[in-house]
Amino acid sequence: MIAKADSSGSLEAAKVTVLGRKSPFSRVQRSLGSFGPEDRKRLGMAANELRDALQAALDERRRVLAETEEARLLEGERIDVTLPGRRLRMGSLHPLTIVEDEMVGIFTRMGYRVEEGPEIEDEWHNFEALNIPPDHPARTLKDSLYVDVDALLLRTETSAVQIRTMETQPPPVYIVAPGRVYRRENPDATHGSVFHQVEGLAVDEGISFADLKGTLEMFARELFGPGRRIRMNPDYFPFVEPGCQVAVSCFKCDGAGCAVCGNGWIELLGAGMVHPTVLENCRIDPERYTGFAFGIGVERVAMVRYGVTDLRVFFEGDVRFLQQFQGAGA
Ligand code: FA5
40 MIAKADSSGS
50 LEAAKVTVLG
60 RKSPFSRVQR
70 SLGSFGPEDR
80 KRLGMAANEL
90 RDALQAALDE
100 RRRVLAETEE
110 ARLLEGERID
120 VTLPGRRLRM
130 GSLHPLTIVE
140 DEMVGIFTRM
150 GYRVEEGPEI
160 EDEWHNFEAL
170 NIPPDHPART
180 LKDSLYVDVD
190 ALLLRTETSA
200 VQIRTMETQP
210 PPVYIVAPGR
220 VYRRENPDAT
230 HGSVFHQVEG
240 LAVDEGISFA
250 DLKGTLEMFA
260 RELFGPGRRI
270 RMNPDYFPFV
280 EPGCQVAVSC
290 FKCDGAGCAV
300 CGNGWIELLG
310 AGMVHPTVLE
320 NCRIDPERYT
330 GFAFGIGVER
340 VAMVRYGVTD
350 LRVFFEGDVR
360 FLQQFQGAGA
């Protein structure tokens, strides 16, 4: 019985059976008193020998069981150090993050600071302070996504951060504000209803349109290569005067026209000189200070950079697309 015990539980049960209070052995021990002195002595000695033998058998079995148990544990935990390691699947930065970091990096190297603003904005920062009148189409439900509380909306452009910065910091101001913006758009290959912009703002004494042009030229050359030229076409934004759309000469065909650009130029951003009314809205004296601002579309830059023809792939989360950027970026 002892030899057959295959676990510490069954060994304990065997011990109770052979040596426990109800065992034949205990009954013999209890009956010793009824024998005469000679027999009691003889029987007592025999009983002690038997108990010692049983105890020794139990101890031996316990030792064997413990050894087997340990061998089983060791076997289970055995490591074959000669097997090849399992590779961890590395993630990668999203292409939009890579491009945004690169764009912000160019400006911080020129001395700009990074600012951030909330994605849920009020009408003052998103429209009114930016000189966008109440009847402007951008302010309607047709173009903007309102959160139904106290005229809050998902910001339609990072320009709102211009206001938040100028309201809280006296000039000189040199900031870039990267972030997500939202518009009620019918998404197509070049328009998302959620997309990203990098806003820039410089306000100081004596800033001119030439500073804006030089800064954007520098930016385009850092981003797309030293041979790039920029083209500025007049455009209207209520918060700048004068305002312009800025395109960069195509890095592939250098302005001749090709499949990447169409007509030789790639439209990247809106820009202009900060409107005096906007400075006044932020209690900055337009007689003393001037400034420029710009807003660059991150998806558009990423499309050009990676030869992507439909910006919706940036948001689909398809790993086959995303893993091509493994190892790129910071
Ligand atoms: C603006 O949003 C202005 N706030 C830019 C600006 C800032 C002008 C400061 C003057 C001074 P616009 O709507 O054109 O302008 O957008 C700016 C850039 O964002 C565009 O050049 C384009 O690159 C990108 N963009 C605009 N709409 C979309 C869209 N639906 N999907 C993806 N990118 C877009």
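Just so you know, we're using this note's numbering here: the sequence shown kicks off at 40 and counts up by one. Backbone N, C-alpha and C define an ideal beta-carbon position, used for all residues, glycine too.
Considering just the uninterrupted stretch of the beta strand (DSSP E) at residue i, what are its terminal residues?
i, result
"residue 345", "Premise fails: residue 345 lies in the alpha helix (DSSP H), 337-345, not in any beta strand (DSSP E)."
"residue 161", "159-161"
"residue 305", "304-313"
"residue 214", "212-221"
"residue 192", "191-193"
For the putative contact between residue i and residue j, defined by C-beta atoms under 8 Å, what is the C-beta separation to the nearest angstrom?
i, j, result
"residue 307", "residue 287", "6 Å"
"residue 337", "residue 139", "5 Å"
"residue 194", "residue 165", "5 Å"
"residue 364", "residue 134", "5 Å"
"residue 281", "residue 242", "Their Cβ separation, rounded to whole angstroms, is 17 Å, which puts residue 281 and residue 242 out of contact at 8 Å."
"residue 220", "residue 254", "At roughly 22 Å, the Cβ-Cβ gap does not stay under 8 Å, so residue 220 and residue 254 are not in contact."
"residue 100", "residue 52", "With a Cβ gap of about 12 Å, residue 100 and residue 52 do not count as contacting."
"residue 104", "residue 50", "6 Å"
"residue 236", "residue 334", "5 Å"
"residue 262", "residue 141", "7 Å"
Where do the N-terminal and C-terminal ends of the alpha helix (DSSP H) with residue i fall, by residue?
i, result
"residue 234", "Per DSSP, residue 234 belongs to no alpha helix (DSSP H); it is in the beta strand (DSSP E), 233-243."
"residue 115", "76-115"
"residue 48", "47-58"
"residue 295", "From DSSP, residue 295 is part of no alpha helix (DSSP H); its letter is neither H nor E."
"residue 361", "358-361"
"residue 64", "63-70"
"residue 199", "199-207"
According to the Cβ coordinates, are residue i and residue j closer than 8 Å?
i, j, result
"residue 231", "residue 350", "yes"
"residue 259", "residue 238", "no"
"residue 132", "residue 341", "no"
"residue 214", "residue 329", "no"
"residue 201", "residue 310", "no"
"residue 71", "residue 82", "yes"
"residue 97", "residue 41", "yes"
"residue 292", "residue 305", "no"
"residue 145", "residue 186", "no"
"residue 343", "residue 285", "no"
"residue 182", "residue 176", "yes"
"residue 95", "residue 67", "no"
"residue 184", "residue 191", "no"
"residue 244", "residue 321", "no"
"residue 314", "residue 170", "yes"
"residue 62", "residue 56", "yes"
"residue 312", "residue 251", "yes"
"residue 295", "residue 303", "yes"
Using a Cβ-based criterion (distance less than 7 Å to any ligand heavy atom), does residue i qualify as near the ligand FA5?
i, result
"residue 344", "no"
"residue 351", "no"
"residue 255", "no"
"residue 183", "no"
"residue 310", "yes"
"residue 198", "yes"
"residue 212", "no"
"residue 314", "no"
"residue 363", "no"
"residue 332", "yes"
"residue 276", "yes"
"residue 231", "yes"
"residue 222", "yes"
"residue 301", "no"
"residue 279", "yes"
"residue 158", "no"
"residue 258", "no"
"residue 248", "no"
"residue 290", "no"
"residue 339", "yes"
"residue 236", "yes"
"residue 282", "yes"
"residue 336", "yes"
At a cut-off of 7 Å, would you count residue i as near the ligand SAH, judging by its Cβ distance to the nearest heavy atom?
i, result
"residue 307", "Of the ligands this structure carries, namely the ligand FA5, none is the ligand SAH."
Quick one: does residue i have its CB under 8 Å from some CB of chain B?
i, result
"residue 200", "In the displayed structure, chain B is absent; only one protein chain is listed."
field: Entirely enclosed beta strand (DSSP E) segments - the segment 242-292, minimum 3 residues
entry: 269-274, 279-288
- prompt: Where in the segment 140-184 do unbroken runs of the beta strand (DSSP E), each at least 3 residues long, occur, reported from the N-terminal end onward?
  reply: 159-161
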